[in-house]
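A short write-up of the structure that comes next.
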Amino acid sequence: VLCGRDEEALKKVATEFTHDYKIKVRSLSVDLAATKSVENLFEFLSHDELPQVLVCNAGNYGTLGQFESANFNEWKQSFDLNFFSVANLIQNYVRVAKAQKSVGRGRRKIVVMGGAGLGASKVWQGISAYSVAKAALYRLVEVLHEELNAQGFDINCIAPGAVNTGITEQALQVGKAALGAVYEMSEKVKAQGGDSPDLVSNTIRRLVSPPCDGLSGRLLSAKW
């Protein structure tokens, strides 16, 4: 099951997965920053058995620049997307998974791909909403590990590295004066291509496989 804002990209990936892996793929175009979007997603999921793995990757830099000059409502919206939409996804997933009580399926796996990286493992100027939300997500993962691990759930954060995504463009549009080292890093990623997204996908694939059952509550680097 795929969800995201870009409907055409979802259709493209769904077609590729159906052809390459001979699996059933469903997709829903949804902006997780929108009101009731998570509820709509789980209504969409209710027609089939819940997937065994949840990968959370919602997020963007949102409001950039010095905190003192930020529009606070816009700053808060950035935090809401990066933290509360993911927290809401996880809560709904756990509730539905427990209600379905799938027998013999093995451990449930939750991977917060956006819950680490710059926000949780490094401190940079100019990206305060993004950073504090990601740091909060990492602590949420640690807390949920304590609450859920004995009940058959493994939950981890992955630091994806400097992958060239839409947030790279966000940083470049704002400029060096506001972001300093983040801008310089984004320039380098744009020019050199950044870290391979295959590092992320391979890390997730390994993490959700049976040999990693019980590994939980960690911040793991895809790159290192």
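The numbering of the sequence shown is my numbering, which starts it at 3 and goes up by one. Ideal Cβ positions, reconstructed from N, Cα and C, are used throughout, including at glycine. None of the values given here were measured: they were computed from a predicted structure.
Q: Can you give me the Cβ contacts of V202 inside the same chain, cut-off strictly under 6 Å, excluding the 5 residues immediately before and after it?
A: Taken in chain order, the residues that qualify are P162 and A224.
Q.
Taking contact to mean 3 or more Cβ pairs, one atom from each stretch, closer than 8 Å, check whether the segment 202 to 222 and the segment 140 to 160 are in contact.
A. Enough Cβ pairs lie closer than 8 Å, so yes.
Q. What distance in whole Å lies between the Cβ atoms of Y95 and L56, which are believed to be in contact at a cut-off of 8 Å?
A. At roughly 5 Å, the Cβ-Cβ gap stays under 8 Å, so L56 and Y95 are in contact.
Q.
Distance check for K178 and V98, CA to CA, integer angstroms please.
A. V98 and K178: Cα-Cα distance of roughly 45 Å.
Q. With DSSP run on the structure shown, which of helix, strand or coil describes A8?
A. According to the sequence as given, residue 8 is Asp; it is not Ala. It is coil, neither helix nor strand.
Q | alpha helix (DSSP H) segment containing A135, residue limits | A | Element bounds for A135: S130 to L150.
Q: Kindly list the residues whose CB is nearer than 6 Å to the CB of N151, restricted to its own chain and excluding five residues on each side of it in sequence; keep chain order.
A: Excluding residues within five positions, the ones whose Cβ falls inside 6 Å are S218.
Q) If you follow the beta strand (DSSP E) that A161 is part of, which residue opens it and which one closes it? A) Segment F155 to A161, the beta strand (DSSP E) holding A161.
**Q.** For G235, the nearest candidate out of I129, E149, L209 and V191 (CA to CA)
**A.** Outside the shown range of the chain (3 to 226) lies residue 235, about which nothing can therefore be said.
**Q.** Residues that DSSP places opposite R110 in a beta bridge
**A.** R110 pairs with F155.
Q) At what residues does the alpha helix (DSSP H) containing S80 begin and finish? A) Segment F74 to F81, the alpha helix (DSSP H) holding S80.
Q. Given L34, which residues of its chain have a CB within under 6 Å of its CB, disregarding the five upstream and five downstream residues?
A. Once the five neighbours on either side are set aside, the close Cβ partners of L34 are A60 and S87.
Q. Relative to the C-alpha of R207, which residue among V113, T20, A11 and T17 is closest?
A. Among V113, T20, A11 and T17, the Cα nearest to that of R207 is on V113.
**Q.** From H49, S188, M115 and L209, residue whose alpha carbon lies closest to that of I92
**A.** Ranking H49, S188, M115 and L209 by CA distance to the CA of I92 puts M115 first.
(Q) Can you find the residues in the same chain that come closer than 6 Å, C-beta to C-beta, to G6, ignoring five residues on each side of it along the sequence? (A) Counting only Cβ-Cβ distances below 6 Å, and skipping sequence neighbours, we find L12.
(Q) Can you give me the C-alpha to C-alpha distance between I25 and E41, rounded to a whole angstrom? (A) Linking I25 to E41 through their CA atoms gives a straight-line distance of about 25 Å.
**Q.** Contacting residues, own chain, Cβ-Cβ under 7 Å from V15 (five flanking each side not counted)
**A.** Here the set comprises L4.
Q: Mind checking which residues open and close the alpha helix (DSSP H) that includes S31?
A: Element bounds for S31: not the alpha helix (DSSP H) but the beta strand (DSSP E), S29 to S31.
Q | Contacting residues, own chain, Cβ-Cβ under 8 Å from N73 (five flanking each side not counted) | A | Result list for N73: T65, in chain order.
Q: Can you give me the start and stop residues for the alpha helix (DSSP H) that L209 sits inside?
A: Per DSSP, the unbroken alpha helix (DSSP H) holding L209 starts and ends at P199 to L209.
(Q) Taking the alpha carbon of A101 as the reference point, which residue from E51, N204, S29 and V134 has its own alpha carbon closest? (A) Looking at E51, N204, S29 and V134, the one whose alpha-carbon comes closest to that of A101 is E51.
Q) Going by C-alpha distance, which of I160, S211 and Y132 is nearest A173? A) Y132 is the residue among I160, S211 and Y132 whose C-alpha sits nearest the C-alpha of A173.
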